[in-house]
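Down below is the structure, laid out as structure tokens.
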Amino acid sequence: MDDAFEVRAYRDADFRQVNQACARRALGAAGRRKGVALDLGTGPGEIPVLFCRMAPGWRVTALDASPRMLAAARKNVERSGLAGRIALVKGDAKTVKGFGRRFDLIFSNSLVHHLDDPVPFWRRLGQLLKPGGAVMVQDLSRPSSRRKARSLVALHAQGASPLLRELFYRSLLAAYTPQEIRLQLKQARLENLQVRGVSDRHWVVRGQPSFKGPVFKGRGPHDDGSR
4 MDDAFEVRAY RDADFRQVNQ ACARRALGAA GRRKGVALDL GTGPGEIPVL
54 FCRMAPGWRV TALDASPRML AAARKNVERS GLAGRIALVK GDAKTVKGFG
104 RRFDLIFSNS LVHHLDDPVP FWRRLGQLLK PGGAVMVQDL SRPSSRRKAR
154 SLVALHAQGA SPLLRELFYR SLLAAYTPQE IRLQLKQARL ENLQVRGVSD
204 RHWVVRGQPS FKGPVFKGRG PHDDGSR
């Protein structure tokens with residue numbers, strides 16, 4: 004997302020409740036008092052700021068491909084006084100290149116629904132973690148129908164701009180269900196990860212992954228053709 008109007012709409016939206024929940028879940032998944040984390044698709048950088056405030060012993064590398072989003076994130080990080088603990092990096096969170104196996108925790112919010120084939124992304128997460136490292140990925144869950152998607156927009160984006168409401172609607176239709184995420188993890192040979200719905204519009208993947216089993220070939224499922 005690098006369109007100026009879309010970035011502004013997303014930056015100015017009130018995601019405090021969702022972001023705080025995401026930061027708490029990331030800290031809970033980490034299970035330790037200090038470490039190095041990677042935030043994939045950081046957007047305006049609000050979640051790593053919240054996370055670092057909750058977890059004084061942690062440092063975060065926050066990655067995003069959008070220069071405009073990173074500019075917004077830089078302002079948020081500087082205002083927070085956490086520039087010494089949050090490093091902002093330009094890069095494609097969908098391919099996650101340029102990093103070694105050095106993170107104690109990887110977290111992400113609202114990235115997976117941008118991926119046509121998330122299996123390489125899940126596989127790469129496992130490669131980036133230190134032994135015993137943890138994952139917490141949160142994203143939208145595709146509703147059962149377009150009518151249900153419209154009702155979720157009306158419920159949760161009532162006061163938002165028309166552009167943000169449309170972006171939310173399109174994101175819901177592009178999202179994956181928890182069942183599809185479980186199959187993607189199986190295809191990526193990642194085990195020991197819990198997948199569960201946490202709201203009427205979100206699922207969470209959480210745990211300490213391990214690799215096991217044969218390699219499954221093919222794209223991640225999206226069986227109703229709504230993407």
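Every number in our numbering is 3 more than the matching position in the sequence shown, counting from 1.
C-beta atoms are modelled at their ideal positions from N, C-alpha and C, and glycine is treated no differently.
These figures come from a predicted structure and were not determined experimentally.
Quick one: complete alpha helix (DSSP H) runs, 4+ long, within the region 62-116? 70-83
Report buried or exposed for T98, applying the criterion of at least 16 other Cβ atoms within 10 angstroms of its Cβ. Residue 98 sits at position 95 when you count from the first residue of the sequence shown. It counts as exposed.
Assess contact between the region 120-135 and the region 59-74, defined as three or more Cβ pairs (one per stretch) separated by less than 8 Å. Is contact present? The region 120-135 is not in contact with the region 59-74.
Closest to L155 by CA distance: which of T64, L176, Q141 is it? Indexing the sequence shown from 1 puts residue 155 at position 152. Answer by Cα proximity: L176.
Between which two residues does the alpha helix (DSSP H) carrying V52 extend? As a first step, residue 52 must be located in the sequence shown, where it is residue number 49. Run containing V52: 49-57, per the alpha helix (DSSP H) assignment.
Between A29 and F110, is the Cβ-Cβ spacing less than 7 Å? Along the sequence shown, one-based indexing puts residue 29 at 26. Along the sequence shown, one-based indexing puts residue 110 at 107. Closer than 7 Å, so yes.
DSSP state of A191, grouped into three classes? Numbered from 1 along the sequence shown, position 188 holds the residue referred to as residue 191. It is coil, neither helix nor strand.
Who does G200 pair with in a DSSP beta bridge? Position 197 of the sequence shown, counting from 1, holds the residue named residue 200. Looking at the DSSP assignment, G200 forms a beta bridge with W206.
Please give the ranges of any beta strand (DSSP E) in the region 129-171, keeping only runs that are unbroken, at least 3 residues long and fully inside the region. 132-143
Within 10 angstroms of the Cβ of A137, are there 16 or more other Cβ atoms? Answer buried if so, exposed if not. The count along the sequence shown starts at 1 and reaches residue 137 at position 134. Buried: at least 16 other Cβ atoms inside 10 Å.
Between G44 and L118, is the Cβ-Cβ spacing less than 7 Å? As a working note, residue 44 is residue 41 in the sequence shown. As a working note, residue 118 is residue 115 in the sequence shown. No, they are not a contact pair.
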